[in-house]
Structure formats: C-alpha cells, structure tokens
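A.B. asks: In our numbering, the protein residues as written are 3 to 332. The C-beta atom is built at its ideal place from N, Cα and C for all residues, glycine as well.
#1: Tell me the rounded alpha-carbon separation between residue 214 and residue 250.
#2: Using 9 Å as the threshold, is the C-beta distance between residue 267 and residue 244 below it?
#3: Assess, as a yes-or-no matter, whether the segment 133-143 is touched by the segment 302-310 under the definition of 3 or more beta carbon pairs within less than 8 Å.
#4: Going by the C-beta, is residue 134 closer than 8 Å to any heavy atom of the ligand ADP?
#5: Restricting to Cα atoms, I'd like to know which of 86, 80, 84, 93 is closest to residue 230.
#6: Please tell me whether residue 291 and residue 313 are closer than 9 Å, where the distance is taken between their beta carbons.
#7: Here's a check: name, in chain order, each residue in its chain whose Cβ is nearer than 7 Å to the Cβ of residue 317, leaving out the five neighbours to either side.
#8: What's the gap between the Cα of residue 261 and the Cα of residue 269?
#9: Buried or exposed, going by whether 16 or more other CB atoms sit within 10 Å of the CB of residue 159?
#10: Can you grab the Cα-Cα spacing for the pair residue 191 / residue 85, in whole Å?
#11: What does DSSP give as the partner residue(s) for residue 88 in the beta ladder?
#12: Within 10 Å of its beta-carbon, does residue 173 have 16 or more other beta-carbons around it, so buried, or fewer, so exposed?
#13: Pull up the distance between the alpha-carbon of residue 99 and that of residue 134, whole angstroms please.
#14: For residue 170, which of helix, strand or coil comes out of DSSP?
#15: Tell me which same chain residues have a C-beta within less than 7 Å of the C-beta of residue 196, skipping the five on either side of it?
#16: Mapping DSSP to helix, strand and coil, what is residue 289?
#17: Once you ignore the five residues that flank residue 193 on each side, which residues in its own chain have a CB closer than 8 Å to its CB?
#18: Would you say residue 310 reaches chain D, if we count a Cβ-Cβ gap shorter than 9 Å as a contact?
#19: Alpha carbon to alpha carbon, what distance is there between residue 112 and residue 226?
#20: Within its chain, find whatever has a CB closer than 8 Å to the CB of residue 298; leave out the 5 residues flanking it on each side and keep chain order.
#21: Taking buried to mean at least 16 other C-beta atoms within 10 Å of its own C-beta, is residue 279 buried or exposed?
#22: Exposed or buried, what is residue 323 when buried is set at 16 or more other beta-carbons lying within 10 Å of its beta-carbon?
#23: At which residues does the beta strand (DSSP E) containing residue 145 begin and terminate?
#24: Do residue 206 and residue 233 have their CB atoms nearer than 9 Å?
#25: Taking the alpha-carbon positions, what's the residue 189 to residue 120 distance?
#26: Quick check on DSSP: helix, strand or coil for residue 265?
#27: Does residue 18 come out as helix, strand or coil in the three-state DSSP assignment?
#28: DSSP three-state call for residue 326: helix, strand or coil?
#29: So, are the CB atoms of residue 203 and residue 179 less than 9 Å apart?
#30: Spatial neighbours of residue 329 within its chain, please: CB distance less than 8 Å, with the 5 preceding and 5 following residues excluded, ordered by chain position.
#31: For the beta strand (DSSP E) that residue 304 lies in, which residues bound it at each end?
Shown next as structure tokens:
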C-alpha cells in the first residue's frame with residue numbers, strides 16, 4: 003500500500019511539473035529595450051501554431067496595437083547575434099498543403115484591382131474583391147465602415163527614402179507595415195531592424211518577386227520560406243503577413259498562403275509611385291493620396307518614392323483632421 007502511495011505521489015508531482023513547463027504566451031512591450039517572445043519553437047513548427055494576441059505598445063507615445071497572434075519575436079539579448087539584438091529564432095519549414103492541388107482549386111492567373119476611390123467611399127471593385135478574399139483570410143479593404151487607414155509600403159530595394167519615412171511615422175505616432183523581399187533584407191538590414199524595433203510590421207514579399215500564378219505550390223512555399231527564415235535567423239523576428247508580388251495570384255496561391263498561416267494583404271488605394279524617374283512632386287503625391295482615402299482603406303505606397311517621403315507628414319495630418327485613425331494590420 004505504501005508503494006502504491008509513493009508511485010501515485012510521484013506521478014502527481016511529475017504531471018504538475020510538466021504542466022508548468024508549457025511554452026508561455028508571448029508578452030511584453032514591443033520596444034527597443036524590451037521585446038519578449040514565446041520560448042522554444044521546434045523546426046517542425048508551422049506558422050499556424052501561434053500564441054494568443056497581446057498588447058504591444060509602441061515606443062514614445064505611438065499608441066497601442068493588437069499584435070497578430072502569429073507574430074513571434076526573439077528575446078532581447080543586447081548582443082550582436084542579429085541586426086535587432088534579438089535572439090535568433092529557429093528556422094521553420096513552410097508547409098505545402100495539397101502539394102499537387104488535388105482539390106483542383108483554380109490556378110487561373112488573376113491580377114488584383116482596386117478602382118480609384120472618390121468622395122470618401124471605397125470603390126466597388128475593392129468591395130467585390132474583398133468578398134473573394136474573405137474565403138482565404140486575405141485583406142484588401144476593411145468593410146467595417148470605420149474611418150480607419152492601414153498604411154503599407156512595398157520595399158524591393160533601398161534608395162535612402164525609408165529612413166525619412168520612419169522618422170515621420172515616429173514623430174506622428176503612426177504604425178505601418180513594410181513588405182520586403184529577400185534582396186532588400188540583405189542590402190538594407192539596419193533599416194529593416196529599425197522597422198522592427200520601432201514597432202512596425204515587416205511583411206513577407208517573397209524571395210525573388212515572381213508571379214505566384216505561374217509557379218508550383220512547392221515553389222510558392224519556398225519563396226515565402228526563404229524570407230521567413232532570413233528574418234528569423236538575422237533579425238529574431240517572424241512575419242505573419244504576405245503580399246503577392248505584382249498583385250498577381252491565383253485562388254490556388256491564396257489557398258496555399260492561407261494554409262501556411264499567413265494573411266495575404268492587398269490594397270484598396272494606390273497610385274503609380276514606383277517609378278523614381280517620373281517623380282511629380284510632394285503636392286501631387288499629397289493630392290492623389292488624400293483624394294482617394296476612404297473608410298477601411300488599405301493604402302499601398304512605395305518606399306522608394308521621394309514624393310511619398312516628402313508628403314507623408316501632411317497626408318497623415320490631413321487624414322486625422324478628417325476623422326481617420328491609423329491602425330496596424332488587423
């Protein structure tokens with residue numbers, strides 16, 4: 003009888019200790035001096051295995067955001083192991099669900115369109131595209147009707163404008179999302195680190211910027227995985243948002259990205275701002291962007307545009323004076 007009691011007591015203690023060693027939720031302030039994370043993440047972890055969302059205040063009065071439940075940060079170490087000073091995260095394998103597309107989801111090439119918004123209303127094209135994207139956890143328009151703006155930038159290369167953009171965002175207390183390619187990460191690591199440490203989202207824009215409607219599901223996963231793992235090993239950061247290069251996709255591609263645990267982010271407002279040889283000045287950028295604002299706007303700008311960098315502060319002030327609130331991606 004005594005032996006049985008000892009065995010039961012031992013098992014009870016072991017069970018209690020095991021429960022106490024479960025991976026904790028990511029928590030803590032998202033600031034340069036204090037970013038915390040989940041503990042161990044094995045190499046078999048997929049992007050769909052996530053922690054609960056936590057409040058992540060921006061530094062220096064930037065307000066607070068709900069950190070996406072898929073976001074993961076390395077522990078703050080104060081070392082130079084990564085560009086951010088965060089502990090590197092283990093590499094992962096982005097899962098390829100239904101590698102041969104046996105479900106026969108459409109592989110037809112599609113191109114995102116948004117229509118030019120007028121009179122403070124989202125264009126019908128954006129409204130209709132969002133109905134398609136809802137099925138795949140993708141976003142081009144917030145249909146809540148609230149006067150909210152999600153500010154996003156595409157970054158294929160760096161020409162010196164992004165730091166000015168970051169200065170404005172910090173001054174104004176505005177969050178943004180920057181979608182980066184692998185070459186960008188390799189050539190502009192300090193700027194990328196600043197994005198992360200100042201509380202912005204760094205989104206995955208693929209390795210080589212291909213048309214995702216023309217490559218296999220395995221190739222799609224590899225394009226995403228290469229950026230994801232570079233962020234993990236060199237920045238101690240895991241992205242949870244993806245933007246299709248060129249806005250080109252298929253329903254099969256949407257399905258793969260969604261099943262890999264990412265939110266695809268398109269846009270409901272943009273303009274031809276990527277050609278640095280065709281700049282039209284600060285006033286043109288301001289007038290074009292502000293005339294197309296609407297409730298639920300997902301605004302796409304390119305960080306290489308000097309016009310955008312020069313006009314951004316005025317755009318933010320104008321939007322706020324008209325009742326808009328800038329929020330981080332939902």
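C.D. replies: Once the coordinates are examined:
#1: As a working note, residue 214 is residue 212 in the chain shown. As a working note, residue 250 is residue 248 in the chain shown. Using only the alpha carbons, I get a separation of about 6 Å.
#2: For the purposes of this step, residue 267 is taken as the residue at position 265 of the chain shown. For the purposes of this step, residue 244 is taken as the residue at position 242 of the chain shown. Judged by their CB atoms, residue 267 and residue 244 are nearer to each other than the 9 Å cut-off.
#3: Judged by pairs of C-beta atoms under 8 Å, the segment 302-310 does not touch the segment 133-143, as fewer than three such pairs exist.
#4: Judged by which ligands are present, the structure shown has none, so any question about the ligand ADP falls away.
#5: Walking along the chain shown from the start, residue 230 turns up at place 228. Nearest of 86, 80, 84, 93 to residue 230, Cα basis: 93.
#6: For this step, residue 291 is matched to residue 289 along the chain shown. For this step, residue 313 is matched to residue 311 along the chain shown. Yes, the pair counts as a contact, with Cβ atoms nearer than the cut-off.
#7: As a first step, residue 317 must be located in the chain shown, where it is residue number 315. Excluding five sequence positions before and after residue 317, the CB atoms of its chain that fall closer than 7 Å to its own CB belong to 288, 291, 292, given in chain order.
#8: Residue numbering aside, residue 261 sits at position 259 when the chain shown is read from its first letter. Residue numbering aside, residue 269 sits at position 267 when the chain shown is read from its first letter. Rounded to whole angstroms, the separation of the alpha carbons of residue 269 and residue 261 is 21 Å.
#9: Residue 159 sits at position 157 when you count from the first residue of the chain shown. Residue 159 sits exposed, since fewer than 16 C-beta atoms from the chains shown fall within 10 Å of its C-beta.
#10: Reading the chain shown from its first residue, position 189 is the one you call residue 191. Reading the chain shown from its first residue, position 83 is the one you call residue 85. Rounded to whole angstroms, the separation of the alpha carbons of residue 85 and residue 191 is 7 Å.
#11: Position 86 of the chain shown, counted from the start, is the residue given in the question as residue 88. Bridge partners of residue 88: 78.
#12: Here residue 173 is taken as the residue at index 171 of the chain shown, counted from 1. With fewer than 16 other Cβ atoms within 10 Å, it is exposed.
#13: Position 97 of the chain shown, counting from 1, holds the residue named residue 99. Position 132 of the chain shown, counting from 1, holds the residue named residue 134. So the alpha carbons of these two residues sit roughly 20 Å apart.
#14: On the chain shown, residue 170 is found 168 positions in, with the first residue counted as 1. Looking at residue 170 - three-state DSSP - the assignment turns out to be helix.
#15: Taking the first residue of the chain shown as position 1, residue 196 is located at position 194. Taken in chain order, the residues that qualify are 168.
#16: Here residue 289 refers to the residue found at position 287 when the chain shown is read from its first residue. In this structure, residue 289 counts as helix in the three-state DSSP scheme.
#17: Translated into the one-based positions of the chain shown, residue 193 becomes position 191. The beta carbon of residue 193 sits closer than 8 Å to the beta carbons of 160, 164, 165, 168 from its chain, once the five residues preceding and following it are set aside; these are given in chain order.
#18: The question asks about chain D, but that chain is absent: this structure has only one protein chain.
#19: Within the chain shown, the letter at position 224 stands for residue 226. Within the chain shown, the letter at position 110 stands for residue 112. Answer to the nearest angstrom: the Cα atoms are 19 Å apart.
#20: The count along the chain shown starts at 1 and reaches residue 298 at position 296. Non-local C-beta neighbours of residue 298 in its own chain, meaning closer than 8 Å and more than five positions away in sequence, comprise 124, 143, 144, 145, 146, 147, 148, 150, 270, ordered along the chain.
#21: In the chain shown, the residue the question calls residue 279 occupies position 277. Taking all protein chains shown into account, residue 279 has fewer than 16 neighbouring C-beta atoms within 10 Å of its C-beta and is therefore exposed.
#22: Residue 323 sits at position 321 when you count from the first residue of the chain shown. Answer is exposed; the Cβ neighbour count stays below 16.
#23: As a working note, residue 145 is residue 143 in the chain shown. Boundaries cannot be given for residue 145, as no beta strand (DSSP E) includes it and DSSP labels it neither H nor E.
#24: Translated into the one-based positions of the chain shown, residue 206 becomes position 204. Translated into the one-based positions of the chain shown, residue 233 becomes position 231. Annotated as proximal: residue 206 and residue 233, with beta-carbon spacing under 9 Å.
#25: As a working mapping, residue 189 is identified with position 187 in the chain shown. As a working mapping, residue 120 is identified with position 118 in the chain shown. Rounded to the nearest angstrom, the gap between the Cα atoms of residue 189 and residue 120 is 38 Å.
#26: Here the question's residue 265 lines up with position 263 in the chain shown. Residue state, collapsed to three classes: strand.
#27: Stepping through the chain shown from its first residue, residue 18 is reached at position 16. In this predicted model, residue 18 has a pLDDT of only 34, less than 50, meaning its place in the structure is not dependable; the value taken from the coordinates is given anyway. In the structure shown, residue 18 sits in a helix (DSSP, three-state: H, G or I).
#28: Reading the chain shown from its first residue, position 324 is the one you call residue 326. DSSP, read as helix, strand or coil, puts residue 326 in coil.
#29: Your numbering for residue 203 matches position 201 in the chain shown. Your numbering for residue 179 matches position 177 in the chain shown. Remark: C-beta atoms of residue 203 and residue 179 approach each other more closely than 9 Å.
#30: One-based indexing of the chain shown puts residue 329 at position 327. Correct list, in chain order: 67, 150, 151, 152, 177.
#31: Along the chain shown, read from residue 1 onward, the residue named residue 304 stands at position 302. Its beta strand (DSSP E) spans residues 299-304.
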